Each structure stands twice: as C-alpha cells, then as structure tokens.
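>
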Amino acid sequence: AGSKLTDSVEFPMTDLNVKQFTKPSEKYKEEQATTVYDLFALVEHRGNLSGGHYVGYVQSDGSWYECDDTRVSPVTAEFVSKVEAYILFYRLRCPRARAEERERV
C-alpha cells in the first residue's frame with residue numbers, strides 16, 4: 001500500500017486564467033469572453049489513506065469559513081491559502097458583474 005501525498009501545492013485564490021488551455025470557438029464566443037476564475041470553495045482531507053476526515057472551506061460575501069461537521073468558523077484567506085487542498089472549486093468571473101460591481105463603488 002502507498003502513502004498519502006502531502007506535498008505542498010500552491011493554488012491561486014483569484015485570477016486563475018485558463019486561456020492557454022482553451023480553444024477559441026465561434027459557437028461559444030460569448031461564454032469564452034472571459035477565462036478567469038476565482039476560488040470560492042475547497043475541500044481538505046485530514047488523515048491518511050486508511051481513514052480521516054473531510055473539512056470544507058467556503059467563501060461568502062468576501063469572507064472565508066471553515067465547515068467542520070456542525071461547526072462553522074470564520075478563517076482568513078491566508079489560512080485557506082495554506083490548507084492541503086484535496087479538491088478546489090473555482091467560479092468563472094463574469095465580466096459584466098465585475099463592471100457593475102465597480103460602478104457601485
């Protein structure tokens with residue numbers, strides 16, 4: 001049996017641009033107007049290959065939260081950036097929404 005990989009991997013919290021991995025398409029031109037994603041959640045596995053525990057981290061209204069069973073606790077973005085992530089969840093940044101957001105400020 002092997003062992004769990006615990007190598008530290010850096011991942012972007014914001015501005016993940018996947019343009020280099022996409023192929024332009026006329027059919028999906030509007031959908032491909034932006035290729036920038038922002039992290040909004042991740043899952044961490046604590047333990048080893050034989051067992052352990054999953055903890056979720058989610059961003060809501062600009063703040064990060066740790067979701068551990070029935071307990072939800074605020075955490076910093078810096079803390080989240082150092083978690084040994086198992087699964088990362090990114091959301092496509094909507095250019096129109098960002099422009100509207102800037103206009104409100």
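Heads up: the sequence shown at position 32 corresponds to 32 in full-length UniProt numbering, and the numbers run straight through without jumps. The C-beta atom is built at its ideal place from N, Cα and C for all residues, glycine as well. Here the structure is a predicted model, which means the values were calculated and not measured.
For S50, verify whether its CB is less than 6 Å away from any heavy atom of the ligand NAP.
Here there are no bound small molecules, and the ligand NAP is not part of this structure.
> Looking at the unbroken alpha helix (DSSP H) that takes in S81, where does it start and where does it end?
Segment 77-81, the alpha helix (DSSP H) holding S81.
> Between which two residues does the beta strand (DSSP E) carrying E10 extend?
Premise fails: E10 is in no beta strand (DSSP E) and is neither H nor E.
> Mind checking which residues open and close the beta strand (DSSP E) that includes S3?
Unbroken run through S3: none, as it is neither H nor E.
> Say whether the segment 14-22 touches the segment 57-67, bearing in mind that this needs 3 or more beta-carbon pairs closer than 8 Å, one atom from each stretch.
Contact between the segment 14-22 and the segment 57-67 is absent, because fewer than three Cβ pairs lie under 8 Å.
> Rounded to the nearest angstrom, what separates T76 and E44 at their Cα positions?
If I take the Cα positions, the gap works out to 15 Å.
> List the DSSP bridge partners of V36.
The partner list for V36 (beta bridge, DSSP) reads N17.
> Which class does R93 belong to by DSSP, given the choice of helix, strand or coil?
Three-state DSSP puts R93 in coil, outside helix and strand.
> Whose C-beta lies closer than 7 Å to the C-beta of T35 among residues of the same chain, with five residues either side of it excluded?
The residues are N17, V18, K19, T22.
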